[in-house]
Amino acid sequence: MTVSINSAEQAYLDLCERIINEGEFRPDRTGTGTKSLFAPPQLRFDLSNDTFPLLTTKRVFSKGIIHELLWFIAGSTDAKLLSDKGVKIWEGNGSREYLDRLGLTHRREGDLGPVYGFQWRHFGAEYEDCDADYTGKGYDQLLDVIKKLKTNPYDRRIIMSAWNPPDFPKMALPPCHVFCQFYVSFPGVTETPESNSEKQAKTTARPKLSCLLYQRSCDMGLGVPFNIASYALLTKMIAVQQLYSTPLK
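Count along the sequence shown from 1, then add 3; that gives the number in the numbering used here.
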């Protein structure tokens, strides 16, 4: 039987093959070692027309993707909240043994420190523990993204970053998917800024939202398919919230 694989998924598989064949062997902190390729070709995935990039050549933990993303959006850093929902992907990094090994002996089990959700919703706030109330503290990057998309979609600074070096010593694990940028395109608008607004008012096509993700490090077999789907879902959620008719890519 011949199995048809779409071009986007084939690009992912081709990159995996290239890393296996051409990757440089490098030692790492886990002692396992990696095959590494720096600055690989960019992978692109269509999000329009209800398309969703969930890879099919391997099993992807869809439930985990959804619950983890909602956990990020909530600004939570408590791994036990995910474990209670059957999503145990952070259990190892939140274990008593692991936290003690990092010198985080004062943390309760499951407290991951100021990881992704904290940086998205409370960037710059002083981290206490995963049970503290951070309402109104720090800078809410996700809210800033949504506001800019509403008020100034041409802005080139619609960015959300989880990379906060001063907080690294407090984290169970520094972020791997570090940075994302959002971009709104306006179909049919190609002229100068003076004529753009006039033409935009006449066009019936709604704006389309795209997201660019940068990862400092990624496990191609396990983490990358998960991250592709997670940020695709985030883009679609923001697009719906913004009333953009369809996400783009």
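Here a beta-carbon is modelled for each residue, glycine too, at the ideal position from N, C-alpha and C.
Practice item. For D158, name the three-state secondary structure that DSSP assigns. Key: coil
Check your understanding: Rounded to the nearest angstrom, how far is the Cβ of L236 from that of H180, given a contact under 8 Å?
Key -> Not quite, the Cβ-Cβ distance comes to about 13 Å (not below 8 Å), so this is no contact.
Point to revise | Check: E112 C-beta below 7 Å from any heavy atom of the ligand NAP | key: Because no ligand of any kind appears in the structure shown, any question about the ligand NAP cannot be addressed here.
Exercise for review: Grab me the residues of L152's own chain with a C-beta within less than 6 Å of its C-beta, minus the 5 sequence neighbours each way, in chain order.
Suggested key: Q245
Exercise for review: State yes or no: is the C-beta of G120 within less than 8 Å of the C-beta of F75?
Suggested key: yes
Check your understanding: Are Y137 and G127 touching if we call contact CB-CB under 8 Å?
Key -> no
Point to revise | Reference Y234, options A77, F28, L57, R29, closest by Cα | key: L57
Check your understanding: Can you round the beta-carbon distance between L40 and R62 to whole angstroms, since I take them to be within the 8 Å contact cut?
Key -> That belief does not hold up - the Cβ atoms of L40 and R62 are roughly 24 Å apart, past 8 Å.
Exercise for review: In the DSSP assignment, find the beta strand (DSSP E) that holds E27 and state where it starts and stops.
Suggested key: 27-29
Exercise for review: Kindly indicate which residue of I162, S98, L146, S79 has the alpha-carbon position closest to the one of P117.
Suggested key: S79
Practice item. Give, in chain order, every unbroken run of the beta strand (DSSP E) that is at least 3 residues long and sits entirely within the stretch 14-88. Key: 27-29, 37-39
Check your understanding: Going straight from the alpha carbon of I69 to that of G95, what length do you get?
Key -> 20 Å
Point to revise | Element boundaries [beta strand (DSSP E), containing Y217] | key: 211-218
Review point. By DSSP, does P250 sit in helix, in strand, or in coil?
Key: strand
**Study point:** Proximity winner among R209, K211, F229, E25, relative to Q218 (alpha-carbon distances)
**Key:** F229
Exercise for review: With DSSP as the reference, label F171 as helix, strand or coil.
Suggested key: helix
Practice item. Count the other CB atoms, across all protein chains shown, that sit within 10 Å of the CB of W93; report buried if there are 16 or more and exposed otherwise. Key: buried
Check your understanding: Tell me which same chain residues have a C-beta within less than 6 Å of the C-beta of E12, skipping the five on either side of it?
Key -> L58
Practice item. Look at D132 and D103 and say whether their C-beta atoms are less than 8 Å apart. Key: no
Point to revise | Per-residue DSSP class, three states only, for Q244 | key: helix
Check your understanding: Secondary structure at H180, three-state DSSP: helix, strand or coil?
Key -> strand
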